[in-house]
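Asker:
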Amino acid sequence: MRATRLGLTSLRGRRLLPLLALVLLVALLVACDAPQSTTEIAGNNNDKLWEPYRVVLVLAAIVFVLVLVLTLGFSIWFRERPGRPARQIHGNTRLEVIWTLIPVAIVAMIAIPTFDALFKIDKDPPADAMKIEAIGHQWWFEFRYLDDKGETVLTTANELHLPEGKPVTIALRSVDVIHSFWVPAISGKVDMIPGHDNNISFTATKARPEPYLGQCAELCGLSHANMRFRVFVQAPADFDNWMSDQKKDSTSATGDLASEGEQLFAQSACIGCHTVRGTSAQGKVGPDLTHVGSRTTVAAGTLENNAQNLARWIRNSADVKPGSKMPPQGASAGGTLTDDQIAAIAAYLLSLR
Ligand code: CUA
């Protein structure tokens, strides 16, 4: 008797376990920080996307609850009982018509606000919209700020600065495979397709000191997950300051280590791929490094920008980002530079602010 009761308790315990796990999981997810949330509305596109999102959320919640309640209800009401044989039926036309019409109505209720939002987002940008070109590379983002005639006035990488409240239109391109431009809190998601011009237009509406996180949203090879970027939305005056700083050419490094790094850099293979405006480095394959020291991250948002991480990246970039196209420079990884030389180059790059 006693053994049976114990057995029952542990059986009930075992049934409760999955439920407990579910509750814990939900609690954990609720506590999650969501740095890339589409529900955080910091751009006018998200404003419009929120409408269909809300409709889908409400409809899905109703369907979810209804299906659960009915499944549970039916399994209790129609459970096997002694002396009550199951009734054999062969279809029910009225029921089938009803459960075909209900989903059709639901799809229509979703389609109307969805198309409405799509058409609103797809509108041509205003004539005075700021023009930017975003170019996808395996695995980083190049950003070019253009003037009214479409000439490049500034080239940078992986960190996009935008003025609050000003419409921008971004031409999306790719030099290799299909990438996708996505800043969940600010804009929708649009693919960057080689040989095909795409566009995204929006207005960032909320300036803040922390960056908004963006990333490539199309599987594009080994380091797709490491193809991130940051968007800094600034008050217009702060943005103008940033812009005029970034337009300046680099100046000679000060300090022993950085000066040594400057010389090493000028004689290294780096200049074949990278540009530092105002120097002999004019390569166009990798990111423009003219103001790399002013960026908060390196390796397309993968690492915090500091001397240690820069050195690690220069020594063997594939160690940070599998498949990286930048050849290893450290002697330990098959390159030619010693750790001391790499430290000097890192100090120089950090001085490029
Ligand atoms: Cu680029 Cu994924």
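Anchor point for the sequence shown: position 223 equals 353 in the numbering used here, and the numbering is continuous, going up by one each time.
Don't be surprised by glycine CBs; every beta carbon is placed ideally from N, CA and C.
None of these values were measured; they are calculated from a predicted model.
(1) If you reduce the DSSP assignment to three classes, tell me which class R135 lands in.
(2) Are there three or more Cβ pairs, one per stretch, closer than 8 Å when the stretch 337-349 is compared with the stretch 406-418?
(3) Mind checking whether V305 and I265 have CB atoms under 8 Å apart?
(4) Report buried or exposed for K279, applying the criterion of at least 16 other Cβ atoms within 10 angstroms of its Cβ.
(5) Using the Cα positions of M260 and L276, report the straight-line distance between them to the nearest angstrom.
(6) Roughly how many angstroms lie between the CA atoms of I219 and L225, to the nearest whole one?
(7) Should K377 go down as buried or exposed, given a rule of 16 or more other Cβ atoms within 10 Å for buried?
(8) What are the boundary residues of the alpha helix (DSSP H) that P243 is part of?
(9) Is the distance from the Cβ of E263 to the Cβ of A301 below 8 Å?
(10) Go ahead and label M131 buried or exposed: buried means 16 or more other beta carbons lie within 10 angstroms of its beta carbon, across all protein chains shown.
(11) Quick one: residues in its chain with C-beta nearer than 7 Å to the C-beta of T134, no 5 flanking neighbours on either side, listed in chain order?
(12) So what's H354 in DSSP terms, helix, strand or just coil?
(13) Would you tell me roughly how many angstroms separate the C-alpha atoms of G413 and V195, rounded to the nearest one?
(14) DSSP state of I262, grouped into three classes?
(15) What do you get for L136, buried or exposed, if any count of 16 or more other CB atoms within 10 angstroms of its CB means buried?
(16) Assuming G173 and F359 make a contact with CB atoms under 8 Å, what is their CB distance in whole Å?
(17) Specify whether the stretch 355-372 and the stretch 425-432 touch according to this definition: at least 3 beta carbon pairs, one from each stretch, less than 8 Å apart.
(18) Please name the residue in A247, I330, G416 whose C-alpha comes closest to that of P256.
(19) Going by DSSP, name the residue or residues bridged to A301.
(20) In terms of DSSP beta bridges, what is T285 paired with?
(21) May I ask whether a heavy atom of the ligand CUA can be found less than 7 Å away from the beta carbon of C403?
(22) Our contact map puts I236 next to L198 with C-beta atoms below 8 Å; I'd like the distance itself, whole angstroms only.
(23) Mark A474 as exposed unless 16 or more other C-beta atoms lie within 10 angstroms of its C-beta, in which case mark it buried.
(24) Out of L248, I308, R209, A241, which has the shortest C-alpha to C-alpha gap to D177?
(25) Output needed for T230: all residues of its chain with C-beta closer than 7 Å, excluding positions within five of it in sequence on either side, in chain order.
(26) Counting beta carbon pairs with one atom in the stretch 358-373 and one in the stretch 383-392, are three or more of them shorter than 8 Å?
(27) Do A477 and A437 count as a contact pair if the criterion is CB distance below 8 Å?
(28) Tell me whether E348, by its Cβ, gets closer than 7 Å to a heavy atom of the ligand CUA.
(29) What would DSSP say about A347, mapped onto helix, strand or coil?
(30) Here's a check: name, in chain order, each residue in its chain whose Cβ is nearer than 7 Å to the Cβ of I251, leaving out the five neighbours to either side.
(31) Using the beta-carbon count (16 or more within 10 Å), is G325 buried or exposed?
(32) So does M357 have its beta carbon nearer than 7 Å to some heavy atom of the ligand CUA?
(33) To the nearest angstrom, how far is it from the Cα of N328 to the Cα of V313?
(34) In angstroms, rounded to a whole number, what distance separates the CA positions of K296 and N446?
(35) Let's test the definition: count the other Cβ atoms within 10 Å of the Cβ of V422 and tell me whether it reaches 16, buried, or not, exposed.
(36) With a threshold of 7 Å on Cβ separation, who are the neighbours of L138 within its own chain once the five nearest residues in sequence on each side are excluded?
Answerer: Considering the structure as presented:
(1) Low confidence applies to R135: its pLDDT is 48, below 50, so where it sits in the model is not reliable, and the reading given next is rough at best. In the structure shown, R135 sits in a helix (DSSP, three-state: H, G or I).
(2) Contact fails: fewer than three Cβ-Cβ distances are below 8 Å.
(3) I265 is positioned such that its CB atom lies closer than 8 Å to that of V305.
(4) Within a 10 Å sphere around the beta-carbon of K279 sit fewer than 16 other beta-carbons, which makes this residue exposed.
(5) M260 and L276: Cα-Cα distance of roughly 8 Å.
(6) Near 13 Å, if we compare the C-alpha coordinates of L225 and I219.
(7) Result: exposed.
(8) 223-251 is the span of the alpha helix (DSSP H), which, as asked, contains P243.
(9) Yes. Within cutoff.
(10) Because M131 carries a pLDDT of 42, less than 50, the predicted location of this residue cannot be relied on, and no value is offered for it.
(11) Any answer about T134 is weak, because its pLDDT of 47 lies below 50 and its placement is not dependable; what the coordinates show is given next. Excluding sequence neighbours, T134 sits near nothing in its chain.
(12) Looking at H354 - three-state DSSP - the assignment turns out to be helix.
(13) So the two alpha carbons sit approximately 59 Å from each other.
(14) Here I262 sits in strand by DSSP.
(15) Per-residue confidence for L136 stands at a pLDDT of 47, beneath the threshold of 50, marking its modelled position as unreliable; the derived number appears in the next sentence. Burial call: exposed.
(16) No, G173 and F359 are not in contact; Cβ-Cβ is about 15 Å, not under 8 Å.
(17) As far as the Cβ criterion goes, the stretch 355-372 touches the stretch 425-432, which means the pair count is three or higher.
(18) Of the candidates A247, I330, G416, I330 places its Cα closest to the Cα of P256.
(19) According to DSSP, which records beta bridges pairwise, A301 is partnered with E263, N329.
(20) Looking at the DSSP assignment, T285 forms a beta bridge with R274.
(21) C403 has its CB no nearer than 7 Å to any heavy atom of the ligand CUA.
(22) Going by Cβ atoms, the distance from I236 to L198 rounds to 17 Å, so no, they are not a contact pair.
(23) Burial call: buried.
(24) Closest option to D177, Cα to Cα, is L248.
(25) For T230, where only same-chain residues beyond five positions count, there are no Cβ hits under 7 Å.
(26) At 8 Å Cβ cutoff, the stretches do not touch.
(27) Yes, Cβ-Cβ distance for A437 and A477 is below 8 Å.
(28) Because some heavy atom of the ligand CUA lies under 7 Å away, the Cβ of E348 counts as near it: yes.
(29) It is coil, neither helix nor strand.
(30) Hits under 7 Å: N175, K178, G318.
(31) G325 should be labelled exposed.
(32) Yes, the ligand CUA has a heavy atom inside 7 Å of this Cβ.
(33) Those two C-alpha atoms are separated by around 16 Å.
(34) If I take the Cα positions, the gap works out to 40 Å.
(35) In summary, V422 is buried, with 16 or more beta-carbon neighbours lying within 10 Å of its beta-carbon over all protein chains present.
(36) Unreliable positioning characterises L138 in this predicted model, as indicated by a pLDDT of 47, which lies under 50. The coordinate reading is nonetheless provided below. Contacts found: none.
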